[in-house]
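Residue numbers (my numbering), protein chains in the order written: chain A, 1 to 369; chain U, 370 to 738.
Each residue gets a CB set at the ideal place from its N, CA and C atoms; glycine is no exception.
These numbers were taken from a predicted model, which means no experiment stands behind them.
2 protein chains.
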Amino acid sequence: MIKTIGVIGGGQLARMMITPAQELGLTLKVLAENEGSSASLAATAVGDYTDYETVKRFAETVDVITFDHEHVPLPVLEKLEAEGFKVQPSSSALRFAQNKLAMRQKLSELGLPVPDWAEITSANELQNFLDKHDGVAVLKTPTGGYDGKGVMIVRSVEDASDWLVKGKPLLAEEKVDFVRELAQLSARNTSGQWSSWQVVQTVQKDGVCSEVLSPAPNADGTSAAIIAKRIAEGLGVTGVLAVELFETKDGTLLINELAMRPHNSGHFSIEGSVTSQFEQHLRAVADLPLGDTRSVSNFAVMLNLLGVDDSNTFVEHYSAALKVPGAHVHTYGKSAREGRKMGHITALSNTSIEEARQLALQAKEALHA
Amino acid sequence: MIKTIGVIGGGQLARMMITPAQELGLTLKVLAENEGSSASLAATAVGDYTDYETVKRFAETVDVITFDHEHVPLPVLEKLEAEGFKVQPSSSALRFAQNKLAMRQKLSELGLPVPDWAEITSANELQNFLDKHDGVAVLKTPTGGYDGKGVMIVRSVEDASDWLVKGKPLLAEEKVDFVRELAQLSARNTSGQWSSWQVVQTVQKDGVCSEVLSPAPNADGTSAAIIAKRIAEGLGVTGVLAVELFETKDGTLLINELAMRPHNSGHFSIEGSVTSQFEQHLRAVADLPLGDTRSVSNFAVMLNLLGVDDSNTFVEHYSAALKVPGAHVHTYGKSAREGRKMGHITALSNTSIEEARQLALQAKEALHA
Chain A
1 MIKTIGVIGG GQLARMMITP AQELGLTLKV LAENEGSSAS LAATAVGDYT
51 DYETVKRFAE TVDVITFDHE HVPLPVLEKL EAEGFKVQPS SSALRFAQNK
101 LAMRQKLSEL GLPVPDWAEI TSANELQNFL DKHDGVAVLK TPTGGYDGKG
151 VMIVRSVEDA SDWLVKGKPL LAEEKVDFVR ELAQLSARNT SGQWSSWQVV
201 QTVQKDGVCS EVLSPAPNAD GTSAAIIAKR IAEGLGVTGV LAVELFETKD
251 GTLLINELAM RPHNSGHFSI EGSVTSQFEQ HLRAVADLPL GDTRSVSNFA
301 VMLNLLGVDD SNTFVEHYSA ALKVPGAHVH TYGKSAREGR KMGHITALSN
351 TSIEEARQLA LQAKEALHA
Chain U
370 MIKTIGVIGG GQLARMMITP AQELGLTLKV LAENEGSSAS LAATAVGDYT
420 DYETVKRFAE TVDVITFDHE HVPLPVLEKL EAEGFKVQPS SSALRFAQNK
470 LAMRQKLSEL GLPVPDWAEI TSANELQNFL DKHDGVAVLK TPTGGYDGKG
520 VMIVRSVEDA SDWLVKGKPL LAEEKVDFVR ELAQLSARNT SGQWSSWQVV
570 QTVQKDGVCS EVLSPAPNAD GTSAAIIAKR IAEGLGVTGV LAVELFETKD
620 GTLLINELAM RPHNSGHFSI EGSVTSQFEQ HLRAVADLPL GDTRSVSNFA
670 VMLNLLGVDD SNTFVEHYSA ALKVPGAHVH TYGKSAREGR KMGHITALSN
720 TSIEEARQLA LQAKEALHA
């Protein structure tokens, strides 16, 4: 029986696992990057997650390893598994979240809906791809990108010259003419039980999620859930799986990105669902039965709080935000930096998504007054 | 500005403050009685809370002191206050929660509805009280009692002989012929803002709370709230105040006990209200604006999980309980002991209190299967 869960990474996702771990009677231990991390309350180790010995020493103190982020090198995880440590999601699943080329390849094999794509290793190949797609492509580094980093829109081979010289394979994707972005959250436990939340709409600003609406108004939730289930099972994902989707004008869904951990698009579930994504992730990786994912109110809206500059205006204006009835203000205990995810606000409504949005916005405006 | 809150006592109430402290961006530190307490995650000190020097050393590490229980000796708190440490609730309020005679005296002065009572220092005085009340009285030790301890029903002076010989004053109360017990939770911050939740019904079994129904069906919520507000203001309470009430056949409410901290009758608020009693307590003692106390669903039921014996059957049957949709199982991380509060289950319903109760019961039965 799993009693102690180890999380690699001390960010806000690890932080938000602390509560459900306590409720479930599990012990959570965190390997943080540095002292004073978001998840410092549960940090039992501080060290470099790319160093096998560091990760191994941490793994020896827990029953299963899981993640706050997907940046632990695959060889480190494979070696852990070879030595008998439990890793959830396993390296065989996680490699598709770490490497966008491997992901595109696998999803295509499974016959799942993806934008047209190609592996690019030369200027010629990129030119061919541009020629096939009206002279425009989204070029991505297969690994290491997040929140808009490692992504570039190119209209010529010259646009990509910096990246092409490095000689590493790149991923080119068609620039999808989408009308909005959705995210399908679900979870699968190590016994294979799978469960999803309602599909949500995500609003991005400068490549970073700024707003999540639950449920996504008038969305094809059934198709989104089927896609998520096929990915979870096809890739052998355990824990929470976030599938980011493009919705095109005719309602077609195309898979954009995957994350195999709790995800920004699921923060609404803390107050909005019977079981939050953080509790579900722990249940899934500890092989407990999955919890009820029904909504507790008809509508929920989540707004991210991004750092405006180095000064932490949140603290200053905090009292004002706490006065807004029905708004749940979450802070991540981070020092402020421009564009950094500092916290989020969730508000619920039984009346309309707009009412929930207005409540959340009122609290956000109070914070930034 | 208050950034660090110190809780004296490492029980489940301190444990359940850890989550909202993190959400609010506050640091919670706990002075626990021993290693491995329920609140060990936040325990920064272990020591004897009756020892002034121990408590003072802890107080020096926080911005304000508050409580998991009401057993810190008054002289310890008065000395802390005299030295300039912030204590919430203050000793001048807390003395009414620590001493039932002082509480009865004060509530009577305020003209609030209490059972008939008298201070008893001799067999003669007890006989007089019995003569006035059909030969029956509830005798209480003014301090130290909880969960049915320090309370005795007496029908003769002989019944009380053990207690009378000690020569300490006792509290005699009329045995109220109540139809049910209610509890009114509210909170008052250090600026004087006050806010209440809906009145709940509590069901006791062998002197220990076994079940809470929110809201109490067909109860006089307005009277209960008015009583709570007058107590909070009249006694200068800060933080959460729980007022336990008797309801008589004609609907009259009489004040039974007071607690100036989060209370078992308010656990439903974690899932059942926009703001839980634990978050509200922290807001109140940190002088932040109080949160919204509205319910998130029409009905909530909380069932306590009491230890059956020394073996922890919860762990064994845990998976089964986690399968019940909509039931929130909370564990306190305690070693098992007969009658000990080991955890609780909350379930919500928009349909009926009975539906919520059945859901919670289903999970409880699975645990004890």
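Give me the DSSP bridge partner(s) of residue i.
i, result
"A281/A", "Looking at the sequence shown, residue 281/A is not Ala but His. None, per the DSSP bridge assignment."
"L139/A", "M152/A, A172/A"
"V609/U", "A556/U"
"S583/U", "A669/U"
"A347/A", "V301/A, A327/A"
"T617/U", "F547/U"
"V203/A", "E211/A"
"V456/U", "I434/U"
"K710/U", "L675/U"
"S295/A", "S273/A"
What are the start and end residues of the beta strand (DSSP E) that includes residue i?
i, result
"R557/U", "547-557"
"T331/A", "327-331"
"A487/U", "486-489"
"E257/A", "253-259"
"Q193/A", "Q193/A -> no beta strand (DSSP E), and no H or E assigned at all."
"V7/A", "4-8"
My understanding is that residue i touches residue j, with C-beta atoms under 8 Å, so please give their C-beta distance in whole angstroms.
i, j, result
"H650/U", "V606/U", "Incorrect: roughly 11 Å between the Cβ atoms, too far for contact."
"A611/U", "L554/U", "6 Å"
"T559/U", "D656/U", "4 Å"
"L182/A", "E247/A", "6 Å"
"Q570/U", "A594/U", "15 Å between Cβ atoms; not a contact."
"G378/U", "Y418/U", "7 Å"
"Q567/U", "G603/U", "Not really, about 22 Å apart at Cβ, beyond 8 Å."
"K448/U", "I434/U", "Between I434/U and K448/U the Cβ distance is about 12 Å, and since that is not below 8 Å, they are no contact."
"V136/A", "E173/A", "Not quite, the Cβ-Cβ distance comes to about 10 Å (not below 8 Å), so this is no contact."
"L126/A", "V157/A", "5 Å"
"F668/U", "S718/U", "5 Å"
"E244/A", "E257/A", "4 Å"
I'd like the span of the alpha helix (DSSP H) that includes residue i, first residue to last.
i, result
"N394/A", "A query on residue 394/A cannot be resolved here, the shown segment of chain A reaching from 1 to 369 and no further."
"W532/U", "530-533"
"D226/A", "Note that residue 226/A is Ile in the sequence shown here, rather than Asp. Taken as a continuous stretch (DSSP letters only), the alpha helix (DSSP H) holding I226/A covers 221-234."
"Q105/A", "100-109"
"Q731/U", "722-736"
"S638/U", "638-641"
Interface residues of chain D around residue i at Cβ under 7 Å?
i, result
"S688/U", "In the structure shown, chain D cannot be found, because the protein chains are A and U."
Practice task
Write down every uninterrupted run of the alpha helix (DSSP H) in the segment 380-443 of chain U whose length is 4 residues or greater and which is fully enclosed by it, in chain order.
Solution key: 381-393, 421-428
Handout entry: Interface residues of the segment 382-416 of chain U facing chain A [CB-CB below 8 Å]
Key = R384, I387, T388, Q391, E392, L393, G394, L410, A411
Handout entry: Residues within the segment 273-292 of chain A neighbouring chain U, beta-carbon criterion of under 8 Å
Key = V274, R283, L288, P289, G291, D292
Handout entry: Contacting positions in the segment 240-274 of chain A - beta carbon closer than 7 Å to chain U
Key = V274
Exercise for the section: Scan the segment 415-435 of chain U for residues whose Cβ lies nearer than 9 Å to a Cβ of chain A and list them as they occur along the chain. Expected result: none
Practice task
Closer than 9 Å, Cβ to Cβ, to anything on chain A: give me those residues from the segment 483-517 of chain U, in chain order.
Solution key: none
Handout entry: the segment 694-714 of chain U: positions lying closer than 9 Å to chain A by Cβ
Key = P694, G695, A696, H697, V698, H699, T700, Y701, G702, G712
Exercise for the section: Using a Cβ-Cβ cut-off of less than 9 Å, give me the residues of the segment 558-592 of chain U that come near chain A, in sequence order. Expected result: none
Exercise for the section: Could you name the residues of the segment 716-727 of chain U whose beta carbon sits closer than 8 Å to any beta carbon of chain A, in the order they occur along the chain? Expected result: L717
Exercise for the section: Name, going along the chain, the residues of the segment 165-187 of chain A whose beta-carbon falls closer than 8 Å to a beta-carbon of chain U. Expected result: none
Exercise for the section: For the segment 431-460 of chain U, enumerate the residues whose C-beta is nearer than 7 Å to any C-beta of chain A, in chain order. Expected result: none
Problem - Interface positions of the segment 663-678 of chain U facing chain A (Cβ-Cβ less than 8 Å), listed along the chain - result: R663, V665, S666
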